[in-house]
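The numbering used here puts the first residue of the sequence shown at 5, with every later residue one more than the last.
Cβ atoms here follow ideal geometry from the backbone N, Cα and C, with glycine treated the same way.
Computed from a predicted model, the values in this text were never measured in an experiment.
Structure first, then comments.
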Amino acid sequence: MTEGPARAETTSLNKRREAELAQRKVLVAKNASGILARSTRVMIVHLHSALLRAHLKSCVQFWVSLCSTDIEVLDCVQRRAAEVVKGLEHKSHEEQQRELEKRRVRGDIFAPYNYLKEVVATWSNYLQRQLIRNLSVLPEVDLLGYSAREWKGETKQAKQMREAYEELFRSCHIKYLRQVRRDNYSVVRAVLFQIFSQGIPFPSWMKERDIMKLPEKLLYSQGCNWIQQYSFGPERYTGPNAFGKLRKCMEALKTNWAEISATRDYEERGSMCSTLFSDESKEYKLYEAIKFIMLYEVVEAYEQIKSRDEPVHNLFSLLFARDSSSDPLSFMMNHLNSIGDSICLDQVELFLLGYLLEVKIRVYRLHRFNTEEFQVNYPDEYRREWNEISLLTEDDRYYHIPLFRT
Numbered sequence: 005m006t007e008g009p010a011r012a013e014t015t016s017l018n019k020r021r022e023a024e025l026a027q028r029k030v031l032v033a034k035n036a037s038g039i040l041a042r043s044t045r046v047m048i049v050h051l052h053s054a055l056l057r058a059h060l061k062s063c064v065q066f067w068v069s070l071c072s073t074d075i076e077v078l079d080c081v082q083r084r085a086a087e088v089v090k091g092l093e094h095k096s097h098e099e100q101q102r103e104l105e106k107r108r109v110r111g112d113i114f115a116p117y118n119y120l121k122e123v124v125a126t127w128s129n130y131l132q133r134q135l136i137r138n139l140s141v142l143p144e145v146d147l148l149g150y151s152a153r154e155w156k157g158e159t160k161q162a163k164q165m166r167e168a169y170e171e172l173f174r175s176c177h178i179k180y181l182r183q184v185r186r187d188n189y190s191v192v193r194a195v196l197f198q199i200f201s202q203g204i205p206f207p208s209w210m211k212e213r214d215i216m217k218l219p220e221k222l223l224y225s226q227g228c229n230w231i232q233q234y235s236f237g238p239e240r241y242t243g244p245n246a247f248g249k250l251r252k253c254m255e256a257l258k259t260n261w262a263e264i265s266a267t268r269d270y271e272e273r274g275s276m277c278s279t280l281f282s283d284e285s286k287e288y289k290l291y292e293a294i295k296f297i298m299l300y301e302v303v304e305a306y307e308q309i310k311s312r313d314e315p316v317h318n319l320f321s322l323l324f325a326r327d328s329s330s331d332p333l334s335f336m337m338n339h340l341n342s343i344g345d346s347i348c349l350d351q352v353e354l355f356l357l358g359y360l361l362e363v364k365i366r367v368y369r370l371h372r373f374n375t376e377e378f379q380v381n382y383p384d385e386y387r388r389e390w391n392e393i394s395l396l397t398e399d400d401r402y403y404h405i406p407l408f409r410t
């Protein structure tokens with residue numbers, strides 16, 4: 005009689021223990037679920053430790069069987085936990101915690117550094133793209149590659165242009181070119197960029213005179229009050245403030261030319277030119293100063309011809325022979341005022357430009373390939389001590405800068 009109640013009591017006790025174990029498994033499952041919801045490194049380590057314990061592992065397995073939809077999440081946490089404690093498996097839980105705390109501190113230190121590094125790199129790339137976009141004289145490119153891109157197809161003109169570029173590459177040792185912005189300052193920009201980048205000094209006559217005083221001399225000493233009708237390229241400004249604007253242009257030319265030509269390091273000069281020729285407002289001042297110097301020299305030559313004091317260069321006779329520039333005023337109104345706005349320098353003005361700057365300008369005219377006018381010098385008469393610069397053009401309107409390599 006006593007065995008029956010005893011067996012029943014034992015059975016009841018076992019059921020209570022199984023029920024308690026089931027409740028404990030459910031509790032562990034809830035705790036594991038909470039750990040999964042908190043993705044911090046410390047919580048993952050706790051979960052990793054739990055997974056290494058047989059009893060808790062069985063509880064988690066029990067929980068997974070009840071919530072099979074979370075098994076992928078659990079696997080992900082297990083993998084992440086393994087990565088976090090990689091190399092620390094042989095250490096105790098407390099040692100793992102201390103090591104992970106050190107890593108966290110190092111991470112807190114390097115995180116701002118890495119963030120700033122990424123920000124600086126991003127802004128550097130952005131500014132570099134902006135600089136290249138604003139550059140009016142682009143970095144060098146392969147000559148034949150440029151020719152192939154620009155002159156595709158089998159038309160007569162395309163074939164002739166490719167042949168002309170191949171001739172430059174083969175016979176003239178021109179391997180690269182720098183593209184110059186296609187606007188109505190193109191030729192002045194290409195000439196001035198080379199003068200600056202090569203460190204060519206002021207022409208001899210400019211060393212003897214202060215170009216800052218040229219507007220004043222023309223206006224007051226020679227009575228050319230019509231220079232108030234001078235127009236500044238695309239700005240098309242004329243009026244009483246023309247004199248002040250001209251002085252600022254002359255100052256910009258003198259200051260930048262002196263500073264860059266005094267720089268002996270080639271790389272540094274190149275950097276200075278890149279900065280200068282990416283600022284449109286500064287560029288335009290330089291070009292307008294060059295235009296005004298051309299006007300000043302035309303006025304001087306015109307006065308010499310009238311007074312017959314001394315002979316002038318034959319290019320001035322050629323210039324005044326045109327109906328559109330028979331005197332300085334018509335030259336300014338019909339030619340100079342439109343340069344930079346609606347027209348470029350023509351051949352006569354290119355002769356004048358080389359003469360004033362005392363540089364021999366050699367131009368490769370690709371549209372004149374296989375003719376005597378393929379290579380032309382401006383001016384055709386020059387002094388041996390003059391520096392030489394080179395241009396290439398496909399149409400006598402827009403110009404690029406050829407680069408020689410032997």
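query, result
"So, with DSSP's three-state summary, where would you put LEU218?", "helix"
"Which of the three DSSP states is assigned to GLU389 in this structure?", "coil"
"Compute the Euclidean distance between the alpha carbons of TYR180 and LYS160, then round it to the nearest angstrom.", "24 Å"
"So ASN413 is in the beta strand (DSSP E); what residue range does that whole segment cover?", "The first residue shown for the chain is 5 and the last is 410, placing residue 413 beyond what the model contains."
"Taking only the alpha-carbon atoms, compute the straight-line gap between SER407 and LEU172 and give it to the nearest angstrom.", "It is Leu, not Ser, that sits at residue 407 in the sequence shown. Distance between the alpha carbons of LEU407 and LEU172 is about 10 Å."
"Check each candidate in GLU239, GLU263 and SER201 and name the one with the smallest Cα separation from ILE343.", "GLU239"
"Check the DSSP bridge columns for GLY408 and list the partner residues they point to.", "Note that residue 408 is Phe in the sequence shown here, rather than Gly. Partner(s): ILE178."
"Among ASN338, HIS317 and PRO315, which one has its Cα closest to the Cα of ARG326?", "ASN338"
"Just how far apart, CA to CA, sit GLY248 and ALA293?", "12 Å"
"Under the assumption that VAL367 contacts GLU392 (Cβ atoms under 8 Å), give the Cβ distance between them as a whole number of angstroms.", "11 Å between Cβ atoms; not a contact."
"Going by DSSP, what residue range makes up the alpha helix (DSSP H) through LYS211?", "208-212"
"Curious, which full-length alpha helix (DSSP H) runs of at least 4 residues does the stretch 305-378 contain?", "318-324, 332-338 and 351-361"
"In angstroms, rounded to a whole number, what distance separates the CA positions of THR375 and SER278?", "36 Å"
"When the Cβ atoms of the stretch 294-303 are set against those of the stretch 215-233, are three or more pairs found closer than 8 Å?", "yes"
"Specify, as a first and last residue, the run of the beta strand (DSSP E) that LEU142 falls within.", "141-146"
"Applying the criterion that 16 or more other CB atoms from any shown protein chain within 10 Å of the CB defines a buried residue, is TRP3 buried or exposed?", "Beyond the ends of the chain as shown, which are 5 and 410, falls residue 3; an answer cannot be given."
"Helix, strand or coil for ASP279 per DSSP?", "Per the sequence presented here, residue 279 reads as Thr, with Asp not at that position. It is helical."
"What are the boundary residues of the alpha helix (DSSP H) that includes GLY243?", "From DSSP, GLY243 is part of no alpha helix (DSSP H); its letter is neither H nor E."
"CB PHE355 to CB TYR382, shorter than 8 Å?", "yes"
"Give the single residue among ARG372, GLN183 and LYS289 whose Cα lies nearest to the Cα of ALA194.", "GLN183"
"Could you work out which residue in LEU218, SER201, GLY203 and GLN202 is closest to TRP209 when comparing CA atoms only?", "LEU218"
"Closer than 8 Å is the cut-off here; do at least three beta carbon pairs connect the stretch 184-192 with the stretch 262-276?", "no"
"Where LYS286 and VAL316 are concerned, what is the direct C-alpha to C-alpha distance, given to the nearest angstrom?", "33 Å"
"By DSSP, does SER285 sit in helix, in strand, or in coil?", "helix"
"What are the start and end residues of the alpha helix (DSSP H) that includes SER201?", "190-201"
"Quick check on this structure: which residue in ASN318, ASP331, PHE373 and GLN351 has the alpha carbon closest to the alpha carbon of GLU398?", "PHE373"
"Measuring only the C-alpha atoms, how far is LYS211 from LEU323?", "26 Å"
"Throw me the rounded Cβ distance for the ARG369 and VAL380 pair, which I believe falls under 8 Å.", "6 Å"
"If you count every other CB in all the chains shown that lies within 10 Å of the CB of GLN351, and 16 or more means buried, which is it?", "exposed"
"Is the beta carbon of HIS177 closer than 8 Å to that of ARG401?", "no"
"For SER96, which of helix, strand or coil comes out of DSSP?", "coil"
"Suppose you measure from the CA of ASP283 to the CA of PHE236; what does that come to, to the nearest Å?", "17 Å"
"Anyone know if the C-beta pair for PHE281 and LEU395 falls short of 8 Å?", "no"
"Assign ASN318 to one of two classes, buried (16 or more other C-beta atoms within 10 Å of its C-beta) or exposed (fewer than that).", "exposed"
"Quick one: residues in its chain with C-beta nearer than 7 Å to the C-beta of GLU167, no 5 flanking neighbours on either side, listed in chain order?", "PHE373"
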